[in-house]
DNA sequence: GAAAACTTACTGACAAGCCGGTAACCTTTT
DNA sequence: AAAAGGTTACCGGCTTGTCAGTAAGTTTTC
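Chains as they are written, first to last, in this note's numbering: chain L, 14 to 232; chain A, 14 to 232.
What follows is the structure in structure tokens.
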């Protein structure tokens, strides 16, 4: 018989305390990056020592991972959407997210910095982001598939590229917005670009970049 | 009279040596980030000590800045384009850049990581990126303006958003591509998204996200 | 229901390692 | 010989993580 683990429960306040730490970590990782932001920085913000934080989370990497999943939960809470939206609703959902992100600079910054950091070798969050993008792209393709099915047309091969493109715009705009908030409107610009890309899938236009050569198409 | 800078010239090989260091730094900053990548890492790659690198560049921050401007020069060299392309050529140029970037993962990674890092407080490269995006957006707007003038139409107000969006897609796709190169085609996907956004400016479509409500528009 | 037995939630001190930068000194060009 | 290119040696600082110890809380036992 395996030694029965008679784990005594944690104290009632401890859940709130952990959340407090996660919020502080989001803040610090957002404003300094996960490499530059230190455990001591985070500890100071919640009024304890860095050792106390290690007590709760075991290691810095573990804390980082929990920060990321915490964001996901907070996302769902924020938009109060219980089920994953499908079809055209999926893209509307992305637009709403972009608009609501404009009021959560801290979270956005943490996410933007961490996602780019993650491409470096052996980064703790690499798997997380790899997975996240794969999933989101897949969801975008499914959304396109559903929309096309409703209209009785085959899903264009451009759906996958469009999915990747839409996620890319959203992320890229976050960086520009963080660098220059007064000159970039996060929500509106995301909306414009997403609409452009969705349009390109649903009603393809001839490429504006190819030489017309035959000047018949003028005006 | 201000003290004439009697800069004694450097040896002939030293220029090549500097370039070697810059290449190594790009490599290291790309694979480990500018915070995690150390002077010693870079020094090892060119076969000297970290103090030798400081001799050439003075400080790590200075090296970082030179890495960024080195990329810009290398960009121009690479595509062998002497003058800044205008009008529709500007967007074609961006597409070509995206395709050529697919063969320069090191540079792309360095750039992607650094641009996101730069949004953190007091980052050495923050001004550089702020400026870079502002300039590029401006160039995009000018390109749109020229294209519209050629067609005898007024430049739509969407031009600015489109410019930001195009830059955003390019950067965002780089991150996805670096995370999962087998599933993302950097050049083709960038091209698709850029065409979509340019189309949306030059020949606006009704938003695909608004409820049709009146079902007259079906197929 | 109160004392005993045990956990949790920390603190403070410290170890070990790495990093950027400086200073002093050698060596090769010019 | 004067200066550039580079090395060695080293310092001060900062970071993560470990560890022993303590106060406060929880559970068990009688």
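By construction, the Cβ of each residue, glycine as well, lies at the ideal position given by its N, Cα and C atoms.
Computed from a prediction, not measured in an experiment: that's the story for all the values here.
Locate the alpha helix (DSSP H) running through residue 63 of chain L, then write down its first and last residues. For the purposes of this step, residue 63 of chain L is taken as residue 50 along the first chain, with counting starting at 1. Where residue 63 of chain L is concerned, the enclosing alpha helix (DSSP H) stretches over 63-70.
Contact check, residue 171 of chain L vs residue 186 of chain L under 8 Å by CB: the rounded distance? Here residue 171 of chain L refers to the residue found at position 158 when the first chain is read from its first residue. Here residue 186 of chain L refers to the residue found at position 173 when the first chain is read from its first residue. Beta-carbon to beta-carbon, residue 171 of chain L and residue 186 of chain L are separated by about 21 Å, too far to satisfy the 8 Å threshold.
At a cut of 8 Å, does the stretch 30-48 of chain A reach the stretch 121-137 of chain A through at least three beta carbon pairs? Touching, yes.
Cβ-Cβ distance between residue 175 of chain A and residue 214 of chain A below 8 Å: Within the second chain, residue 175 of chain A is the residue found at index 162, counting from 1. Within the second chain, residue 214 of chain A is the residue found at index 201, counting from 1. It is a contact, given that the beta carbons lie within the stated cut-off.
Please determine, among A:112, A:33, A:154 and A:74, the residue with the shortest C-alpha to C-alpha distance to residue 57 of chain A. As a working mapping, residue 57 of chain A is identified with position 44 in the second chain. That would be A:33, whose Cα lies nearest to the Cα of residue 57 of chain A.
Mark residue 216 of chain A as exposed unless 16 or more other C-beta atoms lie within 10 angstroms of its C-beta, in which case mark it buried. As a first step, residue 216 of chain A must be located in the second chain, where it is residue number 203. Residue 216 of chain A comes out exposed.
Report the start-end ranges of each alpha helix (DSSP H) in the stretch 171-200 of chain L that is 4 residues or longer and not cut off at the edges. Complete alpha helix (DSSP H) runs here, min 4: 171-192.
First and last residue of the uninterrupted alpha helix (DSSP H) at residue 159 of chain L: In the first chain, residue 159 of chain L corresponds to position 146, counting from 1. Judged by DSSP secondary structure, residue 159 of chain L falls within the alpha helix (DSSP H) whose first and last residues are 139-163.
Nearest-angstrom Cα separation, counted from residue 188 of chain A out to residue 165 of chain A: Residue 165 of chain A sits at position 152 when you count from the first residue of the second chain. Residue 188 of chain A sits at position 175 when you count from the first residue of the second chain. Just so you know, the alpha carbons of residue 165 of chain A and residue 188 of chain A end up roughly 38 Å apart.
Buried or exposed for residue 184 of chain A, please, with buried defined as at least 16 other CB atoms from any protein chain shown within 10 angstroms of its CB. The sequence position of residue 184 of chain A within the second chain is 171, counting from 1. Sixteen is the threshold: when 16 or more other Cβ atoms of the shown chains lie within 10 Å of the Cβ of residue 184 of chain A, as they do, the residue is buried.
When the Cα of residue 38 of chain A is compared with those of A:54, A:27, A:29 and A:26, which residue comes out closest? Here residue 38 of chain A corresponds to residue number 25 of the second chain, with the count starting at 1. If we check each option's Cα against that of residue 38 of chain A, A:54 comes out closest.
Tell me whether the stretch 143-157 of chain L and the stretch 102-111 of chain L touch, counting them as touching only if at least three CB pairs, one residue from each stretch, are closer than 8 Å. Counting Cβ pairs under 8 Å, three or more are found: they touch.
Quick one: is residue 141 of chain L near chain A, going by C-beta distance under 8 Å? Position 128 of the first chain, counted from the first residue, corresponds to residue 141 of chain L. When Cβ-Cβ separations below 8 Å define contact, residue 141 of chain L makes no contact with chain A.
Quick check on residue 104 of chain L - is its C-beta less than 8 Å from some C-beta in chain A? Position 91 of the first chain, counting from 1, holds the residue named residue 104 of chain L. Chain A, which has a Cβ nearer than 8 Å to the Cβ of residue 104 of chain L, makes this yes.
Closer than 8 Å to chain A by CB, residue 45 of chain L: To locate residue 45 of chain L, count along the first chain from 1; it is residue 32. Chain A, which has a Cβ nearer than 8 Å to the Cβ of residue 45 of chain L, makes this yes.
Spatial neighbours of residue 167 of chain A within its chain, please: CB distance less than 6 Å, with the 5 preceding and 5 following residues excluded, ordered by chain position. Numbered from 1 along the second chain, position 154 holds the residue referred to as residue 167 of chain A. Spatial neighbours of residue 167 of chain A in its own chain (CB-CB distance under 6 Å, excluding positions within 5 residues in sequence) are not present.
Euclidean distance between Cα positions of residue 130 of chain A and residue 138 of chain L: Residue 130 of chain A sits at position 117 when you count from the first residue of the second chain. Residue 138 of chain L sits at position 125 when you count from the first residue of the first chain. Cα to Cα, residue 130 of chain A sits roughly 15 Å from residue 138 of chain L.
Determine the chain A residues that contact residue 180 of chain L at a beta-carbon separation under 8 Å, and present them in chain order. As a first step, residue 180 of chain L is located in the first chain; it is residue number 167 there, counting from the start. Chain A residues near residue 180 of chain L: 185 and 189.
If you compare alpha carbons, which of A:204, A:99 and A:87 is closest to residue 163 of chain A? Within the second chain, numbered from 1, the residue matching residue 163 of chain A stands at position 150. Closest option to residue 163 of chain A, Cα to Cα, is A:99.
Through-space distance from residue 107 of chain A to residue 192 of chain A, alpha-carbon basis: Walking along the second chain from the start, residue 192 of chain A turns up at place 179. Walking along the second chain from the start, residue 107 of chain A turns up at place 94. Cα-Cα distance, rounded: 22 Å.
By the criterion of Cβ-Cβ separation under 7 Å, what are the contact partners of residue 218 of chain A in chain L? Locating residue 218 of chain A in the second chain gives position 205, counting from the first residue. Under the 7 Å cutoff, chain L gives 212 and 216.
Going by the CB atoms, is the gap between residue 179 of chain A and residue 210 of chain A shorter than 8 Å? In the second chain, the residue the question calls residue 210 of chain A occupies position 197. In the second chain, the residue the question calls residue 179 of chain A occupies position 166. In this structure, residue 179 of chain A lies closer than 8 Å to residue 210 of chain A by Cβ.
Within 10 angstroms of its Cβ, does residue 195 of chain L collect 16 or more other Cβ (buried), or is it exposed? Position 182 of the first chain, counting from 1, holds the residue named residue 195 of chain L. Its Cβ having fewer than 16 others within 10 Å, residue 195 of chain L is exposed.
Counting only the same chain and skipping the five closest in sequence on each side, list residues whose C-beta sits under 6 Å from that of residue 50 of chain A. Along the second chain, one-based indexing puts residue 50 of chain A at 37. For residue 50 of chain A, the CB contacts under 6 Å within the same chain, skipping 5 residues up- and downstream, are 41 and 42 in chain order.
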